[in-house]
Amino acid sequence: MTDPAELPTFELHSVGIRARARAGDGTFVVMAGSQAREQAVDSFERSGPPGYKQFRAELIADGRLAASETPGVLVFTQDVDFGKSTPAAVVVLARNADGTREWSRVLPSGVRQTHGEWLAAEGGTAALDLRGPLITPVDTNWPPFFAEMAERLLAFEDRQPELVQMLQDVGISMNHDDGEPLQVMDPFSFVSSVVKYRDPAKLTRFLTGLAARLNVTAPVPTSFHGLPGSNPINAWFFLYRKDRQPDDIPLLWTLARQAVTGQVDDDQFRLALSKVGIGLAKLTQGLYWLNPWAFLPLNSINTGYLESRGVRGSGKVKSVPEFEAVLDAARPLAPDFVSLSHAARVSADEGRKVAQLMDDAFPFSQYREDAARYTDDRVKGNLALDRRYAPLLLELLDGSFRYLKPGRSPYSGREQLAVKVTLGGGPKTDGGTFGRALMFADDSGFEYVTFPAGLTLEVGLPEGRSDAARQALQDDSVRAQLLNALLAPLPTLSPATLTLNTDFGSLKLLPLREAQREEVAATIATYAQGFGKSRRLRVGLTLTPTELESSAFPERLEGALTYLDNLMGQLDTLSRAPEPVQPLPGLIEVPGQTDEVPAQFTPIPGVPINQILYGPPGTGKTYRVVDEALSVLDPAFLKAHPGAEGRAARKGRYDQLVEQGRVSFVTFHQSFGYEDFIEGIKPVMRAGQLSYQLHDGVFLNAVRAAGGPLAPVEEETETPAAPASVPASVRTDGQVWRIYIDGTVPVSHVRDRSLARSEIRMGSYGKPPRDLTGLDVEELSGRQLLFKDSMREGDLVLLATGADRIGAVGIVTGPYRFDPHGDPVFTLDYAHTRSVRWLATGLDLGATATLGKSFSRPTLQRVAGLSPTQVLARLSLEESPPPSGPVMQPHVLIIDEINRGNVSKIFGELITLLETGKRAGSSEALTATLPLSRRSLSVPQSLYVIGTMNTADRSLTLLDAALRRRFVFRPVWPEPEVLPVIEIGGDALDLRKFLYVINDRIERLLSREQVIGHAYLLGLPATLEGVASALRERILPLLEEYFFEDWSKIRTVLADDSKEEAQQFIQVHKTGGELRYRVNEAAFEDIEAFTLVYGNMQDADFPFRS
């Protein structure tokens, strides 16, 4: 007999309760002291298994389950053996539950194991883990009608057009068959065309009409519990005429006759499963419609439910014997298959709140409402929206398509809310095709093109340098075929669009209409001639919110998907064409690298090199720096994405530039000094000893990023040494090294920044980074020893991007350095670095084909058997001389709150060097010697400085006059016109007028520098409570500061002097000869108190349209 102490213990946690149980062979004992919920949920009271409800009542009656000191919680007074885990879970939770999933334990490894998983591991069975009948009979009346209708349909095998006409006569829409009227029909497709409508009233209306035409005598059903609907996009059981085989329709009629008798032939069953567009779920669902007493649909909902109840392999049926085995195992679970199917649907709906079609239309209004709840947390919102809407999209998109392959692909962006599913490969794969569907709630969606509100479907040829499709398109007939596919008619309100990215920047959305045939042909030709270039050819079409919510939604979606599937097939054929054999070039071409580095930099016309955005708080100064930075770094992109609708795109491009190291950002404050901004000495620990090291500040790093000729700091300030010389060539006795930076991920900011900074970097393998210089040999790993001591200046280094890929080649030019603060990307890892002069980057060479060697897994590896000279020869790479100086490129330094710090102290000697005429390359250029490092510094023309300055804060210092003279000052004033007019209980509150009038009075009483920015009224709920909260918590405290708590002037600003007392925000009372002021909370709940702030003004008094 097993010792109870040795039995595994499982726990069940829910809100407010916790229970523990021991599981054995045929036993499941809930232990004394475990808790249970006192109040049962409504669904359990209505439809819970009677045996469980009775057993729970007995436990309460005999005191084994008694009230506890905690309200709403019962407690087990002794051990109770339930035999199985599910009845135990049901009694504890007071609701329907699956004990094999609810009960779990934590293994010593830290992995959580459910009771069901333990049963499987122990070789037990989880079948029927409940007492009594699992499912009570469902009250519904559709099965008799459908069974009789199936028998009547069998008489129409030779009169199939009559069935098509019958469906159309009762109001069911039928698609054309490859452009011609449909003339074929089978019983499965007939019923499927009916049940694609989910609305019960509509279903009853259609069935009433069909009953009269088919002479069905059974009562027309009004209840459809347990009846699964069909996919409206894939209702037919046969393909379109051009893809249909001669035996497809006869096979379906044969199966229908067998379904009515309840005996299906195995050969016919297997043959049907092999047909395109008919899977297990669809076939068994059709059998169930025709004979719901004999068959059970094995769709995803039912198979998941059966698996949870111990019926294994229901989703892997491939033959009639396997199907019958599943049916035999499922029969004891319910009185009939209809009740079982209904219970599975109820369980699925309770377990996952998945969106469903509403009156056969997509619930887009509900999607908009759901999306609006997550505007403050888009990461969480995208996860929640994916869980709710992606399953419905996948169900709708999973039709009889050859090339569209729907799959789960949650949207993970932080800037916007969207639901995404994939329809094929990714848009950045090298070769093949891509496809996806994206749904946005409004017109602000943006990725590489704009996405309007609705469901956008897109397919195309991805980025990458594969030339297979381009080679195939050299054939005129192939181009003509693709052109005709692109211009095929669509049932959607708007045409599909074609885009081709040639350079980063604006992408043109070319409408695919017949009128644009020549322009479309020219775009295809442009793509075809772009050999070796990374370009994406994309076709997209959008179903608008109107189309999604219309009764024609199924037909329009099916038409759109058919168009894209045909197009995807052609693109797939193009991408698989054999690529031309290109002659090997004499030299590896390094994109963007020239032999000579220009000594001068031409400033961008119209853009100040030094500027400060100043204004009152809340006017969007920091918001504006995104556009100011883009005007320097990517003016074409800024121009191509104007206005509010382009903001998300501009912010996304700005973030990319930050990640690329093209933008530096710093906020000044009272403790910020010269040591933080320019250079300073900081204490470091080396080998247990305190020493001091010189560090460059934000400004010097920005100078270097802009291409300024600034020498690096030395490692030790106590013993400054001469800068390490850059070897003119590789060492004759040098070694060849292979290194991974950030593994083999295709896109890596760490790798990109390392290349941009002319470095190689090594991480710390999940440990806090430490300076290797101060560690004993025993503390270093083998790779760390190689990187720190074995690698030498003049060695050749190969940057690997895969086990057989070379991405860059360079010469090691510097010793080991510990540099965790050189860039924010390296703060948490990759702090170990060496300087490298890259000879070639942007490569994608095969290591085996080029060097005869593939790379192993370690981060750093010595490539044995090859010398640097041999490698350079095999790569056909000529070693170019070191560049004469750094490459100058525009870099933006943003200084937020520039007047919050001690500007003269922070800038020091740089005040003179910042002046445009004193910068490097100017006729009056000046160079200063930094006092600590004794290095020469000249500020390059390519460094743009943008500051922001709050003019209203009395605690801030005024800018030094010398600094003022060297900056262009640009005011940023409030923009009331960007605020909305909101409807509240039938009344309109014009926030534009509200803010404009308040600021007009502040300007008259104080100054323009102390007005209130429009940002104070943005980001609020569009309710009276939201506006009231902004006035109470944001604006009033600011007015108190501005007016030194002079409440009489605050009353003037809010027009309280001209309102009734009940509507005054600030009320005044005379007490003992003194005036007392108090905030009137009731006014914040009265919309008229707000509208009266501007009530005495005329529309003509405002500088915007009312």
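Just so we're on the same page, this note's numbering is the position in the sequence shown counted from 1, plus 106. C-beta: ideal position from N, C-alpha, C; glycine also.
Here DSSP, grouped into helix, strand and coil, assigns tryptophan 224 to helix. In this structure, valine 942 and serine 864 form a Cβ contact; the two beta carbons are roughly 6 Å apart against a cut-off of 8 Å. When C-beta atoms of the region 669 to 679 are compared with those of the region 1003 to 1014, fewer than three pairs fall below 8 Å, so the two segments do not count as touching.
Taking all protein chains shown into account, glutamate 553 has 16 or more neighbouring C-beta atoms within 10 Å of its C-beta and is therefore buried. Leucine 589 sits close to alanine 627, with the two beta carbons spaced by under 7 Å. Scanning its chain for C-beta atoms nearer than 7 Å, with the 5 sequence neighbours on each side dropped, one finds around methionine 897 the residues Trp843, Val918, Arg940, in chain order.
Taking a 10 Å sphere around the C-beta of phenylalanine 1150, we find fewer than 16 other C-beta atoms and assign the residue as exposed.
Counting only runs of 4 or more residues that sit fully inside the region 238 to 307, the alpha helix (DSSP H) segments are 248 to 259, 266 to 275, 293 to 301, in chain order. It is roughly 8 Å from the alpha-carbon of alanine 591 to the alpha-carbon of tyrosine 669.
According to the DSSP secondary-structure assignment, histidine 938 is paired through a beta bridge with Met868, Phe924.
For methionine 674, the enclosing alpha helix (DSSP H) stretches over residues 659 to 681. Of the residues Phe429, Ala478, Tyr411, Ala362, the one whose Cα lies closest to the Cα of serine 453 is Tyr411. Between arginine 1184 and glutamine 1170, the C-beta gap is not smaller than 7 Å, which leaves the two residues out of contact. Taken atom to atom, the span from the alpha-carbon of asparagine 1186 to that of arginine 1138 is near 10 Å. Histidine 775 and arginine 1006 do touch by the CB rule: their CB atoms are close to 5 Å apart, below 8 Å. Rounded to the nearest whole angstrom, the C-alpha separation of threonine 246 and alanine 200 is 26 Å.
If you check the CB distance, leucine 599 and threonine 650 come in under 7 Å.
Boundaries for aspartate 761: no beta strand (DSSP E) harbours it, while the alpha helix (DSSP H) harbouring it runs 753 to 765, taken from the DSSP string.
Ranked by Cα distance from aspartate 1093, the options Pro516, Glu1147, Thr1197, Leu1085 are led by Thr1197. Distance check between alanine 172 and each of Glu151, Thr192, Arg1071, Ala142 places Ala142 closest, using alpha-carbon atoms only.
Valine 423 and leucine 404 do touch by the CB rule: their CB atoms are close to 6 Å apart, below 8 Å.
Glutamine 351 sits in coil when the DSSP states are folded into three classes, being neither helix nor strand.
Here DSSP, grouped into helix, strand and coil, assigns valine 626 to helix. Each residue's CA atom was taken as its position, placing alanine 1161 and tyrosine 1200 some 8 Å apart. DSSP places isoleucine 1193 in the uninterrupted alpha helix (DSSP H) bounded by 1193 to 1197.
Annotated three-state conformation of arginine 542 is strand, per DSSP. Our two residues, valine 198 and arginine 207, have alpha carbons roughly 14 Å apart in a direct line. Straight-line measurement puts the Cα of leucine 806 at about 11 Å from the Cα of serine 1042.
Around the beta carbon of leucine 213, fewer than 16 other beta carbons sit within 10 angstroms, so the residue counts as exposed.
Taking a cut-off of 8 Å on C-beta distances, the region 394 to 403 touches the region 428 to 446, as three or more cross pairs fall below it. In this model, leucine 489 and alanine 477 are separated by some 11 Å (Cα to Cα). Residue nearest to threonine 975 within the set Asp901, Val301, Arg857, Glu1191 is Asp901 (criterion: CA-CA distance). Within 10 angstroms of the beta-carbon of arginine 756 lie 16 or more other beta-carbons, which makes it buried. Secondary structure of valine 1078 (DSSP, three-state): coil. Beta-bridge pairing by DSSP links asparagine 716 to Val1051. A straight-line Cα-Cα distance of about 7 Å links threonine 539 and serine 681.
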